[in-house]
Amino acid sequence: MADTFAAIATPLGEGGVGIVRVSGPGSLNIMKVVFKECPDKVEPRHVYYGHALDASGNVIDEMICIYMRAPHTFTGEDVVEFQAHGSNVSLRLIVMSAISAGARIADPGEFTKLAFLNGKLDLSQAEAVIDLIKARSEKPLSIASDQLNGSLGQEIVAIRNNIKDVLAQMAVNIDFPDEDIEQVSCDEFITELKRQNDRLQSLIKSSEFGKIAREGIKIALVGRTNVGKSSLLNGLLGENRAIVTDIPGTTRDTIEESSSIGGYPIVVVDTAGIRDTDDVIEQIGIERSKNEIEEADLVVMVADGSTELAAEDFEIAEHVANKKVMLVINKEDLGMTAAQSDIDKLKSIIGCDTGDIVYTSVKTVKGIGKVRDAIERNLARGFIKSDGGNIVTNERHKDALVRAKAALVHGIELLEMREPLEVAEIEVHDSFQILGEIIGETASEEILDTVFSKFCLGK
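With my numbering applied, the sequence shown corresponds to residues 75 to 533, in that order.
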């Protein structure tokens, strides 16, 4: 008989509500022990109010209790949820009471693993649970939600089914070469497999956007000292994260913070002002700034429009010229003193379009809004997938897609060279099997252990 296991399903800490989840064939019996007011006949999906009892029969806390009967549950087995106040102590006592009544502590990710094993969701959907929990902004949440609803798994199933049809016809050609059975030509095999290869390539390409959705777009704020980089950082974050003074060189090290623009996560790095200095500590900060520039997806160069542009501005522009750059001419509120010809020279050096130049004052809400809008336009042009297709966010999925595509391409090449059909069939079958790893159809126990070890208790 399957085990019955229990765990706290909500984050530890103080809160209004905390949940202990129990799953397995003994769930109802455990409810009868832990729930003081448990009726003789428990109706599934009814909410019962009462009190939780510890292992000695003492009242722990008020709670509500819900029993859900298999197979119509998340795990596919009987499930009971105890919803008490969000106290670490009371929730742990409820878990201990469930254990004394016959449950065991759940392994990390065991609830979701059981849902997978019972066919409630495929492996890509199970992994989407983690992405949903860890989403830092709206777009990653939306992608994870789509995958949890089966969008990626359905596309993988469709590709595999088409490859399976090719394999079936290949088997007919191999096993019955002389029979009076209609056979598919080699060119027809090639055409269909190339169609599936294009679908794999599209998914692999989407992983570039998936990485951005998962990790965020790194934006480096650069410029000489005292041009307003720290004010821009504070404005983008909506909080005073960096110290702002009129003293040049206040930011002596890089400051990195996370936020979101247009629903996508961003990582904003305020770099130390780049200039010649004898200050050893500031020199270290400047070197770190240069490293951050190299790693950035987008560089926002800030210049002070209220003064003449300096030689340092042009030196910094040369340093970032190989990156995707947006130019912010700051301190517009103080009056524009910088010559337009110098601004045009900066624009020429960094190679940005006129639409990538923002004249503003980052000390105002309106000014910050202009910069955010310009950044969002940059992201939409260069980083964000907009064709509505699936986006691969998981490195394991990308790896499997790359391997599946390589096998499929090799199979196509063998067909084009008119090698024996049996040889090409091996490669095509390998591609079919590898794709099965994504949805769990052909995943090894090692893969399953790796996937579910990333979950926390109670999930």
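We treat Cβ as the ideally placed atom computed from N, Cα and C, and that holds for glycine.
Comparing C-alpha positions only, which one of Q221, L372, A346 and E499 sits nearest to A454?
Mapped onto the sequence shown, residue 454 falls at position 380. Of the listed residues, the one whose Cα sits closest to A454 is L372.
Report the rounded CA-to-CA distance for G312 versus S527, giving the unit in angstroms.
By 1-based counting over the sequence shown, the position of residue 312 is 238. By 1-based counting over the sequence shown, the position of residue 527 is 453. Distance between the alpha carbons of G312 and S527 is about 36 Å.
In the DSSP output, which residue or residues are listed as bridge partners for M137?
Locating residue 137 in the sequence shown gives position 63, counting from the first residue. The partner list for M137 (beta bridge, DSSP) reads G124 and A158.
My guess is that N404 and V376 are in contact by the Cβ rule of under 8 Å, so how many angstroms apart are they, rounded?
Mapped onto the sequence shown, residue 404 falls at position 330. Mapped onto the sequence shown, residue 376 falls at position 302. Between V376 and N404 the Cβ distance is about 5 Å, and since that is below 8 Å, they are a contact.
Below 8 Å, can you find three or more Cβ-Cβ pairs linking the region 85 to 97 to the region 147 to 166?
At 8 Å Cβ cutoff, the stretches touch.
Should the region 280 to 292 be regarded as contacting the region 466 to 482, the criterion being three or more beta carbon pairs within less than 8 Å?
Flag = yes, the region 280 to 292 and the region 466 to 482 touch.
How many Å lie between I248 and C260 at the Cα?
Along the sequence shown, one-based indexing puts residue 248 at 174. Along the sequence shown, one-based indexing puts residue 260 at 186. Approximately 12 Å, taken between the alpha carbons.
Should N365 be labelled buried (16 or more other beta-carbon atoms within 10 Å of its own) or exposed?
Stepping through the sequence shown from its first residue, residue 365 is reached at position 291. So N365 counts as exposed.
By how many angstroms is the C-alpha of V341 removed from the C-alpha of S305?
In the sequence shown, the residue the question calls residue 305 occupies position 231. In the sequence shown, the residue the question calls residue 341 occupies position 267. So the alpha carbons of these two residues sit roughly 16 Å apart.
Does G409 pass the burial test, meaning 16 or more other C-beta atoms within 10 Å, or should it be called exposed?
In the sequence shown, counting from the first residue as 1, residue 409 sits at position 335. That one is exposed.
Taking just the CA atoms, how far does T265 sit from V525?
Walking along the sequence shown from the start, residue 525 turns up at place 451. Walking along the sequence shown from the start, residue 265 turns up at place 191. The straight-line gap from Cα to Cα measures roughly 35 Å.
Distance check for G532 and N223, CA to CA, integer angstroms please.
As a first step, residue 223 must be located in the sequence shown, where it is residue number 149. As a first step, residue 532 must be located in the sequence shown, where it is residue number 458. Rounded to the nearest angstrom, the two C-alpha atoms are 21 Å apart.
Mapping the DSSP letters down to three states, classify E330 as helix, strand or coil.
Here residue 330 is taken as the residue at index 256 of the sequence shown, counted from 1. Strand.
Sorted by chain position, which residues of the same chain lie with C-beta nearer than 6 Å to A391's C-beta, five sequence neighbours on each side aside?
For this step, residue 391 is matched to residue 317 along the sequence shown. So the list reads L420, I423 and I424, once near-sequence residues are dropped.
What is the DSSP secondary structure of G193, reduced to helix, strand or coil?
Along the sequence shown, read from residue 1 onward, the residue named residue 193 stands at position 119. It is coil, neither helix nor strand.
From D430 to K398, what distance separates their C-alpha atoms?
By 1-based counting over the sequence shown, the position of residue 430 is 356. By 1-based counting over the sequence shown, the position of residue 398 is 324. Rounded to the nearest angstrom, the two C-alpha atoms are 10 Å apart.
For P145, name the three-state secondary structure that DSSP assigns.
Taking the sequence shown and counting its residues from 1, the one referred to as residue 145 is at position 71. Of the three classes helix, strand and coil, the one that applies to P145 here is coil, per DSSP.
State the beta-bridge partners of L401 as determined by DSSP.
As a first step, residue 401 is located in the sequence shown; it is residue number 327 there, counting from the start. DSSP output for L401 lists M375 and I431 as bridge partner(s).
Count the other C-beta atoms from every protein chain shown that fall within 10 angstroms of the C-beta of E212, then say buried if there are 16 or more, exposed otherwise.
If you number the sequence shown from 1, residue 212 lands on position 138. Result: exposed.
Tell me the rounded alpha-carbon separation between A218 and I442.
Position 144 of the sequence shown, counting from 1, holds the residue named residue 218. Position 368 of the sequence shown, counting from 1, holds the residue named residue 442. About 30 Å.
Which residue comes first and which comes last in the beta strand (DSSP E) that contains L295?
Your numbering for residue 295 matches position 221 in the sequence shown. Unbroken beta strand (DSSP E) run through L295: I291 to V296.
Use the C-beta contact count for K208: other C-beta atoms within 10 angstroms, 16 or more gives buried, fewer gives exposed.
As a first step, residue 208 is located in the sequence shown; it is residue number 134 there, counting from the start. The residue is exposed, with fewer than 16 neighbouring Cβ atoms inside 10 Å.
With H, G and I counted as helix, E and B as strand and the rest as coil, what does DSSP make of G224?
Along the sequence shown, one-based indexing puts residue 224 at 150. Reduced to three states, the DSSP call for G224 is coil.
If you scan the region 225 to 275 from start to end, which runs of the alpha helix (DSSP H) of 4 or more residues do you find wholly inside it?
DSSP runs (the alpha helix (DSSP H)) wholly in the region 225 to 275: 225 to 249.
Would A245 count as contacting chain D if we go by Cβ distances under 8 Å?
Absence of chain D from the displayed structure is noted, only one protein chain being present.
For the region 167 to 183 against the region 101 to 117, are there 3 or more C-beta pairs whose distance is under 8 Å?
Enough Cβ pairs lie closer than 8 Å, so yes.
Could you give the uninterrupted runs of the alpha helix (DSSP H) lying entirely in the region 162 to 191, keeping only those of 4 residues or more?
The qualifying runs are 162 to 174 and 184 to 191.
Considering only C-alpha positions, which residue in the set S334, A294, V436 and V402 is nearest to C426?
By one-based count along the sequence shown, residue 426 stands at place 352. With distances taken between Cα atoms, C426 lies closest to V402.
Starting from R477, trace the alpha helix (DSSP H) in both directions and tell me its first and last residue.
By 1-based counting over the sequence shown, the position of residue 477 is 403. E469 to E490 is the span of the alpha helix (DSSP H), which, as asked, contains R477.
Rounded to whole angstroms, how far is the Cβ of G183 from the Cβ of G100, which I believe are closer than 8 Å?
As a working note, residue 183 is residue 109 in the sequence shown. As a working note, residue 100 is residue 26 in the sequence shown. That belief does not hold up - the Cβ atoms of G183 and G100 are roughly 20 Å apart, past 8 Å.
Roughly how many whole angstroms lie between the Cα atoms of V96 and I138?
Here the question's residue 96 lines up with position 22 in the sequence shown. Here the question's residue 138 lines up with position 64 in the sequence shown. Their backbone Cα atoms lie some 14 Å apart in a straight line.
Decide if the region 141 to 158 is in contact with the region 483 to 499; the criterion is three or more beta carbon pairs, one per stretch, under 8 Å apart.
Too few Cβ pairs lie closer than 8 Å, so no.
Who are the Cβ neighbours of V343 in its own chain at under 6 Å, not counting the five residues just before and after it?
Within the sequence shown, numbered from 1, the residue matching residue 343 stands at position 269. Excluding positions up to five away in sequence, the list reads A294, T328, E330 and E366.
If the criterion is Cβ atoms closer than 8 Å, does the pair I168 and F185 meet it?
Working through the sequence shown from its first residue, we reach residue 168 at position 94. Working through the sequence shown from its first residue, we reach residue 185 at position 111. No, the Cβ-Cβ distance between I168 and F185 is not below 8 Å.
Looking at the unbroken beta strand (DSSP E) that takes in A81, where does it start and where does it end?
Position 7 of the sequence shown, counting from 1, holds the residue named residue 81. Its beta strand (DSSP E) spans residues F79 to I82.
Whole angstroms are fine: how far does the CA of G463 sit from the CA of T299?
Reading the sequence shown from its first residue, position 225 is the one you call residue 299. Reading the sequence shown from its first residue, position 389 is the one you call residue 463. Distance between the alpha carbons of T299 and G463: 44 Å.
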